[in-house]
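Protein sequences, first through last, are from chains A and B.
Under the working numbering, the first residue of the first sequence carries the number 1, and numbering increases by one thereafter.
Under the working numbering, the first residue of the second sequence carries the number 1001, and numbering increases by one thereafter.
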Amino acid sequence: MAGVSRAGIMLTGLGLTGAALTLLLGFTWAPTVDPSAWNSPEAYRILYWHVPFAWCSFLAYCILFIGSVAWYARRSELGWRMICTGSDLALLFGLGVVISGPIWGSAEWGVPWDWGDLRLNTYGLLTGVTLFLVLARGSQPDGQGTRDTIAAIGLFGFALVPVTALATTWYQERHPGIVVIESEESGLAPEILAVMLMGFASFVLLFAGLAILTDTLHRMESRLSHLQHQLDEGAVH
Amino acid sequence: MTELGLAYAAMIGLIGAYVYRLVIRLYDLDARLAAVEDAVSADESE
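Written out as C-alpha cells, the structure reads:
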C-alpha cells in the first residue's frame, strides 16, 4: 500500500505490543489490592486497559474539538478530516470504556450502572453523542450543511469532556477518583503504578498510530471521490 | 475473574475489529485509487 504511512503502521504495532505486555504484567506481576477495601479485589485489574481507554477517548475528543473549530474558522479539509478521525476514535475508545466499566461495576458494586453518578452519566451521554456523529456522517450526504451540523454537535460534545474528566473530583458518588495522583484514597503499590504508566504510554502510541491510519483512510476516500468526480465531468463534456 | 475476562474480551474485540476493518478498507481504497488514477491518466492522454 503505497499511500499508507509507515509511521502509522509502526506506531500501531508498537502500541498493540505494549498493550499486550501491559495486560500480561497486570495479570502476572502486579500484586492484588487490599481485599478488605474492595468487594471484588481481583477485578481491579481492569484499570490497566479501562483507564488508558478513557484517556485515549479524551485525546480523541480534543482532535474532534480542534477539527470542529478549524472547520468553522476556515472550512478547511484538514479540519473536516480531524472531525472524522476524532469521532471514529472517540467512539472506539468510548465504547470500550462504556462496555468494560459496567462489567467491573457488576463485580464491585453489585450493579452495572449508577444513575446518580455524574461521571458515569456524562460519559454515557458523551459516547451517545459520538455514536450519533459517526452514524450521521455515514448516513447523510456529504456537504457543507452536514459538515456544519456535525461540527456544531462535536463542539457541544467537547463541552462535556471537562465535566466528565473532573466529575470524580467535584462530585464523587460511586466511580473511583483519579488513581495515578498519589492520595490517601488511591495509595497505589509501585508495581501497579508502573504497569499503569506502561499502559498509558502503550495506548498513546496505539492512539497515535490509529489516528494516522484513520486520517490516511479519510484522505484516500476524499481523493477517490475527487477523482471519480473528475472522471464523471470528463465523460459529460 | 469471569467479569474481568469478559471486560478484557470486549476491549480486545473492539480494538481487533477496528484495526482489522481499518486495514481491509485501506487495502480496498488503495486498489480502487490506483484503478481510478489509471483511468484518469488514460482519459487525459486521449
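In this text, a Cβ means the ideal position worked out from N, Cα and C, and glycines have one as well.
(request) Specify whether the region 56 to 67 of chain A and the region 1013 to 1025 of chain B touch according to this definition: at least 3 beta carbon pairs, one from each stretch, less than 8 angstroms apart. (result) no
(request) Apply the 10 Å Cβ neighbour rule to P245/A and answer buried if 16 or more other Cβ atoms are within range, or exposed otherwise. (result) With chain A covering 1 to 237 only, the question about residue 245/A has no answer from this structure.
(message) Helix, strand or coil for D114/A? Go by DSSP, reduced to three states.
(response) On the first sequence, residue 114/A is found 114 positions in, with the first residue counted as 1. Three-state DSSP puts D114/A in coil, outside helix and strand.
(request) Note down, in chain order, all residues in the region 46 to 63 of chain A with a beta-carbon under 8 angstroms from any beta-carbon belonging to chain B. (result) I46, W49, H50, F53
(request) Report back the beta-carbon spacing between F207/A and L59/A to the nearest angstrom; my notes put them in contact at under 8 angstroms. (result) Residue numbering aside, residue 207/A sits at position 207 when the first sequence is read from its first letter. Residue numbering aside, residue 59/A sits at position 59 when the first sequence is read from its first letter. 6 angstroms between Cβ atoms; contact.
(request) Mind reading off the beta-carbon distance from L125/A to G154/A? Whole number of angstroms is fine, and I expect it under 8 angstroms. (result) Here residue 125/A corresponds to residue number 125 of the first sequence, with the count starting at 1. Here residue 154/A corresponds to residue number 154 of the first sequence, with the count starting at 1. Rounded, the Cβ-Cβ distance is 14 angstroms, inconsistent with contact.
(message) If I measure Cβ to Cβ from F27/A and keep anything under 7 angstroms in the same chain, skipping five residues before and after, which residues do I get?
(response) Numbered from 1 along the first sequence, position 27 holds the residue referred to as residue 27/A. Same-chain partners within the cutoff: R45.
(request) With 8 angstroms as the threshold, decide whether the Cβ of Y1050/B is near any Cβ in chain A. (result) Nothing can be reported for residue 1050/B: it is not among the residues displayed for chain B, which extend from 1001 to 1046.
(message) Within 8 angstroms of any Cβ in chain B, is that where the Cβ of D191/A sits?
(response) Taking the first sequence and counting its residues from 1, one reaches residue 191/A at position 191. The residue you asked about is not Asp; residue 191/A is Glu in the sequence shown. Chain B contact via Cβ: absent.
(message) Does any residue of chain A have a CB that is nearer than 8 angstroms to the CB of D1047/B?
(response) This structure gives no information on residue 1047/B, because the portion of chain B shown stretches from 1001 to 1046.
(message) Let me confirm a value: V97/A is counted as buried when at least 16 other C-beta atoms fall within 10 Å, else exposed. Which label applies?
(response) To locate residue 97/A, count along the first sequence from 1; it is residue 97. V97/A comes out buried.
(request) Identify the continuous alpha helix (DSSP H) that holds Y1027/B and give its terminal residues. (result) Looking up residue 1027/B in the second sequence gives position 27. Per DSSP, Y1027/B belongs to the alpha helix (DSSP H) from 1002 to 1045.
(message) I'd like to know if A1042/B contacts chain A, where contact means its C-beta is closer than 8 angstroms to some C-beta of that chain.
(response) Position 42 of the second sequence holds residue 1042/B. False, the Cβ-Cβ gap to chain A never drops below 8 angstroms.
(request) Could you pull out every residue in the same chain whose Cβ sits closer than 7 angstroms to the Cβ of P35/A, ignoring the five residues on either side in sequence? (result) Within the first sequence, numbered from 1, the residue matching residue 35/A stands at position 35. So the qualifying residues of the chain are P41.
(request) Report the residues of the region 101 to 119 of chain A with a CB closer than 7 angstroms to any CB of chain B, ordered along the chain. (result) I103, W104, S106, A107
(message) Counting only Cβ pairs nearer than 8 angstroms, list the residues of chain B close to L14/A.
(response) To locate residue 14/A, count along the first sequence from 1; it is residue 14. Within chain B, no residue comes near L14/A; the closest Cβ sits about 13 angstroms away, beyond 8 angstroms.
(message) Give me, in chain order, the residues of the same chain whose beta-carbon lies closer than 7 angstroms to that of A54/A; leave out the 5 immediate sequence neighbours on both sides.
(response) Position 54 of the first sequence, counting from 1, holds the residue named residue 54/A. V97, listed in sequence order.
(message) Any contact between the region 99 to 111 of chain A and the region 81 to 89 of chain A? By contact I mean 3 or more CB pairs, one from each, below 8 angstroms.
(response) no
(message) Let me make sure I understand the geometry here. Which of L92/A, R137/A, E233/A, Q228/A has the alpha-carbon closest to that of S57/A?
(response) Mapped onto the first sequence, residue 57/A falls at position 57. Closest option to S57/A, Cα to Cα, is L92/A.
(message) Assuming S5/A and I212/A are in contact, meaning their beta carbons sit under 8 angstroms apart, how far apart are those beta carbons, in whole angstroms?
(response) Against the first sequence, residue 5/A aligns to sequence position 5. Against the first sequence, residue 212/A aligns to sequence position 212. S5/A to I212/A, Cβ: 5 angstroms. Contact.
(message) Between the alpha carbons of Y123/A and I103/A, how many angstroms are there, rounded?
(response) Within the first sequence, residue 123/A is the residue found at index 123, counting from 1. Within the first sequence, residue 103/A is the residue found at index 103, counting from 1. The alpha-carbon atoms of Y123/A and I103/A are separated by roughly 16 angstroms.
(message) 8 angstroms is my cut-off, CB to CB: does M220/A come that close to chain B?
(response) On the first sequence, position 220 is the one that residue 220/A refers to. Yes, its Cβ sits closer than 8 angstroms to a Cβ of chain B.
(message) Restricting to Cα atoms, I'd like to know which of M10/A, T22/A, G8/A is closest to F200/A.
(response) For the purposes of this step, residue 200/A is identified with residue 200 of the first sequence, where counting begins at 1. The candidate whose alpha carbon is nearest that of F200/A is T22/A.
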